[in-house]
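Sequences listed follow chains A and B, in order.
Heads up: the first sequence begins at 1 in the working numbering, then just goes up one per residue.
Heads up: the second sequence begins at 210 in the working numbering, then just goes up one per residue.
2 protein chains.
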Amino acid sequence: MSESKNCIVRLCRYRRCLKDLKELGYVKVFSDNLGEATGVTAAQVRKDFSLFGISGNKKGGYVIDNLIERINNILGKDEVQKVILVGTGNLGSALLKYKGFEKEDIQITAAFDADSAKQIKTGNNQVFPVRDILDYVKQNRTRVAILAVPAAVAQEVTEQLIAAGIRGILNFAPVTLRVPESIIVSNFNLAIELENVIYQVSVREKNKK
Amino acid sequence: MSESKNCIVRLCRYRRCLKDLKELGYVKVFSDNLGEATGVTAAQVRKDFSLFGISGNKKGGYVIDNLIERINNILGKDEVQKVILVGTGNLGSALLKYKGFEKEDIQITAAFDADSAKQIKTGNNQVFPVRDILDYVKQNRTRVAILAVPAAVAQEVTEQLIAAGIRGILNFAPVTLRVPESIIVSNFNLAIELENVIYQVSVREKNKK
DNA sequence: ATTATAATGTGATAAATATCTCATAATATC
DNA sequence: GATATTATGAGATATTTATCACATTATAAT
Chain A
1 MSESKNCIVR LCRYRRCLKD LKELGYVKVF SDNLGEATGV TAAQVRKDFS
51 LFGISGNKKG GYVIDNLIER INNILGKDEV QKVILVGTGN LGSALLKYKG
101 FEKEDIQITA AFDADSAKQI KTGNNQVFPV RDILDYVKQN RTRVAILAVP
151 AAVAQEVTEQ LIAAGIRGIL NFAPVTLRVP ESIIVSNFNL AIELENVIYQ
201 VSVREKNKK
Chain B
210 MSESKNCIVR LCRYRRCLKD LKELGYVKVF SDNLGEATGV TAAQVRKDFS
260 LFGISGNKKG GYVIDNLIER INNILGKDEV QKVILVGTGN LGSALLKYKG
310 FEKEDIQITA AFDADSAKQI KTGNNQVFPV RDILDYVKQN RTRVAILAVP
360 AAVAQEVTEQ LIAAGIRGIL NFAPVTLRVP ESIIVSNFNL AIELENVIYQ
410 VSVREKNKK
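In structure tokens, the structure reads:
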């Protein structure tokens, strides 16, 4: 099975690029265009498509509309994807305001915070107390949550989320969450991401010398 | 060569965990402790160490202080790592306030924005105009930048950064940056990260049925 | 119509990465 | 001091992932 994480990331990138191309009035696209635009080889693009049974026309390339539809279908993007946010500190509230989600048909439908002061501090969005998560998730059948709470309470909140019915978590807290195998956790740690860049730069510099 | 990105990510996680253990008063650690804490197998931990020539004591495990020192050395963390931030919108200003960097000995030494209104809006940190980047980076020999500007100007700013001497970029703008091979770019796209979680959850749900 | 061209699609191959296995050696136990 | 135990270290193996190479076919040109 090769629908690896990287492969899905590439699909998302192709999709974004296709939407831009469509916006510009293009109708067809070739694997090398997409590769160029997303920073991979043309062969990689075709292989990815082949993996999901997406086919184009020999010589003619791919019809953008069809391609977007197929990718949407694979990614489950037939409708707007609803997620909740827990934790509205610096990072959380930035995520709440972040405009990049809408473009990809993702919507943060509700935000939660333990701090009652933050519960009032609403921009457009209302922030609910954490104890409301259970009811909200059950009523709205939400499956995915963004976790942007302090590390110290991340595990505890995670357990509440799972109990409520959340099945996937994008975790910004710099801790390893302990979850049942059935739960998807994607860790995003800002410091580690930076450390990686720093490391790679330093390796390059060493090799130069 | 197996110092893959994932391997470095794991090293960062080990390091974080080791520092916590040290804080708690532990002196020694075993590969299975570290594996447990970071969500990988004990064999993976040992293999990672072996790759970098880190060795412990048969039976006795690893001495935490030594281990931290070795990893610091590999990651180039002998001193505080200085980075700059470009773009102080929602995301950028959240990153500026983010406390998680300091713990990992990373410091955002300066922030830049094109918008003169934001240049005044200082919390603790002063925000400089983008045109000052060149001088700043040259004077302070900074090598790594966080890019949190709007997609539309990301490429342009990237070129300025490279011209100034930046060698590694953590890119939050949802575009593929075109850079020379010598420049490290790590893309971090919030929407894609979420889409990935959503995709994986939906795959699980389908398989259940 | 026939030939040349240009793009796809995928099996074969290579490279990267993770897992397994077990010999090895340090410590603890009797 | 001899034996049993426990954890490391790394070669061997398996798995995953990406690249290559080329047969295939649709279109364009002559």
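Ideal placement from N, C-alpha and C gives every residue a C-beta, glycine not left out.
- Here F49(A) carries a helix assignment [DSSP, helix/strand/coil].
- Secondary structure in the segment 364-411 of chain B: no alpha helix (DSSP H) run of 4 residues or longer lies completely within the stretch.
- Pairing K415(B) with C7(A), the inter-Cα distance amounts to about 19 Å.
- For I280(B), none of the residues of chain A pass the 8 Å Cβ criterion, the least Cβ distance being about 11 Å.
- Going by beta carbons, V45(A) and S31(A) fall inside the 8 Å limit.
- Judged by DSSP secondary structure, I217(B) falls within the alpha helix (DSSP H) whose first and last residues are K214 to E232.
- Uninterrupted beta strand (DSSP E) stretches at least 3 residues long and entirely within the segment 68-99 of chain A occur at 81-86, given in chain order.
- Between K22(A) and Y62(A), the CB-CB gap reaches or exceeds 8 Å.
- DSSP places V353(B) inside the beta strand (DSSP E), whose first and last residues are V353 to L356.
- R143, V144 and I146: these are the residues of the segment 134-152 of chain A whose beta carbon lies less than 8 Å from some beta carbon of chain B, given in chain order.
- For the pair A320(B) and I355(B), the Cα-to-Cα distance works out to about 9 Å.
- By the 16-neighbour rule on beta-carbons within 10 angstroms, D113(A) is buried.
- Minimum Cα-Cα distance from E311(B) among the listed residues E404(B), D274(B), S259(B) and K286(B) corresponds to K286(B).
- With fewer than 16 neighbouring CB atoms inside 10 Å of its own CB, V80(A) falls in the exposed class.
- Taking 8 Å as the cut-off, the beta carbon of R219(B) is found closer than this to the beta carbon of V249(B).
- With its beta carbon less than 8 Å from one in chain B, C12(A) belongs to the interface.
- Assignment of I108(A) by DSSP, reduced to helix, strand and coil, places it in the strand class.
- With 16 or more other Cβ atoms inside 10 Å of its own Cβ, N187(A) counts as buried.
- Going by C-alpha positions, Y307(B) is about 7 Å away from N90(A).
- The C-beta distance from T297(B) to K327(B) rounds to 5 Å, short enough to meet the 8 Å contact threshold.
- The contact set of L170(A) on chain B, defined by CB atoms closer than 7 Å, consists of E402, L403 and V406 in chain order.
- In this structure, DSSP gives D324(B) a state outside helix and strand, which the three-state scheme calls coil.
- As DSSP reads the structure, N266(B) sits in a beta bridge with G270(B).
- For the C-beta of S395(B), the chain A residues within less than 9 Å are, from N- to C-terminus, E193, L194, N196, V197 and Q200.
- Nearest to A154(A) by alpha-carbon distance, out of L194(A), T142(A) and L170(A), is L170(A).
- When beta bridges are read from the DSSP output, F337(B) appears opposite F321(B).
- About 4 Å separates the beta carbon of G377(B) from that of V201(A), a gap short enough to meet the 8 Å contact definition.
- In this structure, A151(A) lies away from E313(B), with their beta-carbon atoms at least 8 Å apart.
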